[in-house]
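S.K.: Residue numbering for the sequence shown follows this note's numbering, starting at 127 and increasing by one per position. Even glycine gets a Cβ: it sits at the ideal position worked out from N, Cα and C. Just so we're clear, the structure is a prediction, and the values are computed from it rather than from any experiment.
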Amino acid sequence: MAKHLKLLTILLLALFTFSVSGDDVFWSVNCGATDFYTDENSISWAPDDSLVSNGLARVVQSSNSISPVLDSLRVFTSRKKNCYSTPVTKGEKLLVRASFNYGNYDRLSSPPKFDLHFDGNFWTTVETTASGAQVYEATYVTKGDAASVCVAQTNPNQFPFISSLEFRSVGLEVYNLADDNRALFLIERLSFGASDTLRYPNDLYDRIWVPLSGSGAVTSEAILFNTSISDNPPQGILESAIVGASTTTSLIFATVQPSNDLLYINMYFSEVLDTTETRIFRVYESSPSVSRPLTATISPAFGGVSERIFTNYTTNSAMNLSLMATAESDLPPLINAIEAFNISDVLTDGTDSNDVATLMLLQTTFDVLAQWSGDPCLPAPYSWDWLNCSNDATPRVTSLHLDSFDLSGSLPDISSMDALETIDLHNNSLTGTIPDYLGTMPKLKELNLANNSFSGPIPTSVSKNNKLKLTVTGNPSLCTSGKSCSSSSGGTTSKKKSSNMPIILGTTIPVFFLIWIVAGIFIILRKKRTNNVNVLAVAGGEENGKPNGLHTVGEQMMNGIGQNTVQQTFGSPSPLLDTSGQTSDLHDQTTAH
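1. Let me make sure I understand the geometry here. Which of E397, S542, F285, T268 has the alpha-carbon closest to that of S295?
2. Taking Cβ to Cβ, would you say P502 is nearer than 8 Å to T484?
3. Output the boundary residues of the alpha helix (DSSP H) element that contains T491.
4. Going by beta carbon distance, what residues of the same chain come within less than 7 Å of L324, once the five residues before and after it are set aside?
5. Of all the options S525, V472, S354, which has the alpha carbon lying nearest to the alpha carbon of S541?
6. So if DSSP puts H89 in a beta bridge, which residue, or which two residues, is it bridged to?
7. Measure the C-alpha to C-alpha separation of L573 and Q284 and round it to an integer number of angstroms.
8. For Y231, which three-state DSSP category applies?
9. What first and last residue would you give for the alpha helix (DSSP H) that runs through S587?
10. Can you give, in chain order, each stretch of the beta strand (DSSP E) that sits fully within the stretch 375–429 and has at least 3 residues?
11. Out of D550, T423, L199, which has the shortest C-alpha to C-alpha gap to I288?
12. Excluding the 5 residues preceding and the 5 following F531 in the sequence, name in chain order all residues of the same chain whose CB lies nearer than 8 Å to its CB.
13. Inspect the CB distances between the stretch 378–389 and the stretch 438–446 and report whether three or more fall short of 8 Å.
14. By DSSP's criteria, H527 is part of a beta bridge. Which residues make up the other side?
15. Okay, do the stretch 297–306 and the stretch 242–262 touch, 3+ Cβ pairs below 8 Å being the bar?
16. For Q715, which residues from the same chain have a beta carbon less than 6 Å from its beta carbon, with the 5 sequence-adjacent residues on both sides left out?
17. Ends of the beta strand (DSSP E) at M450?
18. Any chance the stretch 335–345 sits against the stretch 413–428, with 3 or more Cβ pairs inside 8 Å?
19. When the Cα atoms are used, what is the spatial distance from L242 to F248?
20. Taking buried to mean at least 16 other C-beta atoms within 10 Å of its own C-beta, is R333 buried or exposed?
21. Does the stretch 346–354 come close enough to the stretch 387–398 to have 3 or more Cβ pairs within less than 8 Å?
22. Taking the straight line between their C-alpha atoms, what separation do you get for Y326 and S170?
23. May I ask you to list the residues that DSSP assigns as paired with N468?
24. T490 to N462, Cα distance in whole Å?
25. For the putative contact between Y228 and V178, defined by C-beta atoms under 8 Å, what is the C-beta separation to the nearest angstrom?
26. So, with DSSP's three-state summary, where would you put V664?
27. Checking contacts by CB at 8 Å: is W510 closer than that to chain C?
28. Quick one: give me the first and last residue of the beta strand (DSSP E) that K207 is part of.
29. With 16 other CB atoms within 10 Å as the buried threshold, where does G319 fall?
30. Using a Cβ-Cβ cutoff of less than 7 Å, which residues in the same chain neighbour W786 once the five nearest sequence positions on both sides are dropped?
31. Candidates A343, G246, K595: which alpha carbon is nearest E547's?
32. What's the gap between the Cα of A343 and the Cα of A371?
33. Taking Cβ to Cβ, would you say S366 is nearer than 8 Å to S448?
34. Alpha carbon to alpha carbon, what distance is there between N208 and A224?
35. Count the other CB atoms, across all protein chains shown, that sit within 10 Å of the CB of P282; report buried if there are 16 or more and exposed otherwise.
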């Protein structure tokens, strides 16, 4: 009953936290927390104790408190990697955000360093700090029906942890100039001239826009905005901007450092004044040695939005990105918001789909295995702890090491994992017959089924396989070489009959002789009555000081058969598991009020 209640809790949790509407994913996890929490943005955060079975819940020191969501965490002191997973629709676009606040939770003043993965891909190396939080965001198109985020230990005694985790569905049209086979890793998302952070519900995708104010900050005179462009920016980021000092000076809004990484940059522009004066400008890149325009002229509409997008942008020296008014412009340049991303390497398709499906079958059959999630093999070398994988681009599972996992019941059909070379299942409580398919798996070299409760005959496909190293010791009901076996009784009837034979012989033969002794006594007594000899038979030693009749009878029996006694002794027998193309592409979108 308790198991069913736990399952019901997980299902209700899924319904409550996984979606906002329809099949859209909107999952917010407060790691290490014990209760649900709704923040000031009306986002409901769920505790993770029903989502993971590993790890320890901890709380940061009060002096490092940031928010109720970031003040708790879950730390993982065992396993190669530990993952959180959620069901998704294959091919949908997701925004995933992971946050980390060390907060000296362990009182060691030693912030750890560890790796962060998603869907079998390396994401980044997390370098936590003594104070403050680190936040990482990725947007990508899913390649399977589950999305996962994992933390992996990379250094001794530096245990990975996580404070919060968010999954959000994003429209496929958003960032649609990015390659669907690559992820976008957020560098910055800024709202110029704003004073407050903007996110859900103002941004339906819960993108977090960080305010950046200062010299030149202005507020738009517009009240309503037309934001009908593919990236669907929230209206709030168009309500403020920074404006250049004059039409003759440039407005620097970003600096790009030299890197081999390719960048994806979005810039948003909206006129802040309801005026007939013109505002016309271009985006430039400049350094001490060069200055060149990157865009055609931009003239944003009042109450509308213009967007310029750089894809695959890269530079081999530090470059300033700036705005410069054209000669015919009446007003200086402005910018409302910017998003900048690193473009990832090509994403993996994950472990072989047949192997993944079969591993899921094993997890369904044996509850203890359900504790593992994320990609089984990737990224290397962070496979699940109880298996090994090949080094192929699409890895195959090559060995299962499930010894001493307290598995019970029958082994399901895992024949589709046809790259397996080793299956080690010893020291469990598996029952039933040994599956015949184990002898026909093309690459299987070692099969260890020792110390289980298998029964019946060993299939000839297994026993006659000369390429297979087979171990089956410690299965008392299994019919091995030299033992007869009845298939109808699972291999146990023959043994029971054999072991019971000494008992049968030891009881029936003495009874046979006892019957003849009693018959002899009856004949003797009858004979003595015939000769008028009275014999008193009293159970017990003597009657009035005289030996009882049993002794007399015994003497006569001994005298009668003593010369022909045959002695017989009846005993019992001895018990016999691309980064390429250093180019920059420009795209633009514009709406009018």
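M.R.: Checking against the coordinates, here is how it stands:
1. The sequence position of residue 295 within the sequence shown is 169, counting from 1. If we check each option's Cα against that of S295, T268 comes out closest.
2. Start at 1 with the first residue of the sequence shown, and residue 502 comes out as number 376. Start at 1 with the first residue of the sequence shown, and residue 484 comes out as number 358. Taking 8 Å as the Cβ cut-off, P502 and T484 do not qualify as a contacting pair.
3. As a working mapping, residue 491 is identified with position 365 in the sequence shown. Counting along the chain, the alpha helix (DSSP H) containing T491 begins and ends at 479–491.
4. In the sequence shown, counting from the first residue as 1, residue 324 sits at position 198. Only S317, W335, P360, G362, I363 meet the Cβ criterion.
5. Counting from one through the sequence shown, the residue named residue 541 turns up at place 415. Of S525, V472, S354, the residue nearest in Cα terms is S525.
6. Here the chain has residues from 127 to 719 only, and residue 89 is not among them.
7. The residue given as residue 573 occupies position 447 in the sequence shown. The residue given as residue 284 occupies position 158 in the sequence shown. The alpha-carbon atoms of L573 and Q284 are separated by roughly 36 Å.
8. As a position in the sequence shown, residue 231 is number 105, starting the count at 1. It is coil, neither helix nor strand.
9. Taking the first residue of the sequence shown as position 1, residue 587 is located at position 461. For S587, the enclosing alpha helix (DSSP H) covers residues 586–589.
10. 377–382, 388–395, 407–413, 416–419
11. Numbered from its first residue, the sequence shown carries residue 288 at position 162. It is L199 whose Cα lies nearest to the Cα of I288.
12. On the sequence shown, residue 531 is found 405 positions in, with the first residue counted as 1. The residues are F492, V494, L495, W512, N554, L703.
13. Output reads yes: the stretch 438–446 touches the stretch 378–389.
14. Here the question's residue 527 lines up with position 401 in the sequence shown. Looking at the DSSP assignment, H527 forms a beta bridge with D550.
15. With contact defined as three or more Cβ pairs closer than 8 Å, the stretch 297–306 and the stretch 242–262 are not in contact.
16. Residue 715 sits at position 589 when you count from the first residue of the sequence shown. Contacts found: I355, E433.
17. Reading the sequence shown from its first residue, position 324 is the one you call residue 450. Per DSSP, M450 belongs to the beta strand (DSSP E) from 445–451.
18. no
19. Taking the sequence shown and counting its residues from 1, the one referred to as residue 242 is at position 116. Taking the sequence shown and counting its residues from 1, the one referred to as residue 248 is at position 122. L242 and F248 have their alpha carbons spaced roughly 6 Å apart.
20. Against the sequence shown, residue 333 aligns to sequence position 207. R333 is buried by the Cβ-count criterion.
21. Yes: the two stretches touch, three or more of their Cβ pairs being nearer than 8 Å.
22. Position 200 of the sequence shown, counting from 1, holds the residue named residue 326. Position 44 of the sequence shown, counting from 1, holds the residue named residue 170. One C-alpha to the other measures close to 12 Å.
23. As a first step, residue 468 must be located in the sequence shown, where it is residue number 342. Answer is F311, L389.
24. Counted from its first residue, the sequence shown places residue 490 at position 364. Counted from its first residue, the sequence shown places residue 462 at position 336. Roughly 51 Å separates the two Cα atoms.
25. Looking up residue 228 in the sequence shown gives position 102. Looking up residue 178 in the sequence shown gives position 52. Their Cβ separation, rounded to whole angstroms, is 19 Å, which puts Y228 and V178 out of contact at 8 Å.
26. If you number the sequence shown from 1, residue 664 lands on position 538. With a pLDDT of 29 at V664, under the threshold of 50, the modelled position of that residue is not reliable, and the figure given next carries that caveat. Three-state result, V664: coil.
27. In the displayed structure, chain C is absent; only one protein chain is listed.
28. Residue 207 sits at position 81 when you count from the first residue of the sequence shown. Element bounds for K207: 207–213.
29. In the sequence shown, the residue the question calls residue 319 occupies position 193. Around the C-beta of G319, 16 or more other C-beta atoms lie within 10 Å, and the residue is accordingly described as buried.
30. Absent from the model: residue 786. The displayed extent of the chain is 127 to 719, so no value can be given.
31. In the sequence shown, the residue the question calls residue 547 occupies position 421. The shortest Cα separation from E547 among A343, G246, K595 belongs to K595.
32. The residue labelled residue 343 in the question sits at position 217 within the sequence shown. The residue labelled residue 371 in the question sits at position 245 within the sequence shown. So the two alpha carbons sit approximately 11 Å from each other.
33. Within the sequence shown, numbered from 1, the residue matching residue 366 stands at position 240. Within the sequence shown, numbered from 1, the residue matching residue 448 stands at position 322. Taking 8 Å as the cut-off, the beta carbon of S366 is found no closer than this to the beta carbon of S448.
34. In the sequence shown, residue 224 corresponds to position 98, counting from 1. In the sequence shown, residue 208 corresponds to position 82, counting from 1. Those two C-alpha atoms are separated by around 14 Å.
35. Translated into the one-based positions of the sequence shown, residue 282 becomes position 156. Per the 10 Å Cβ criterion, exposed.
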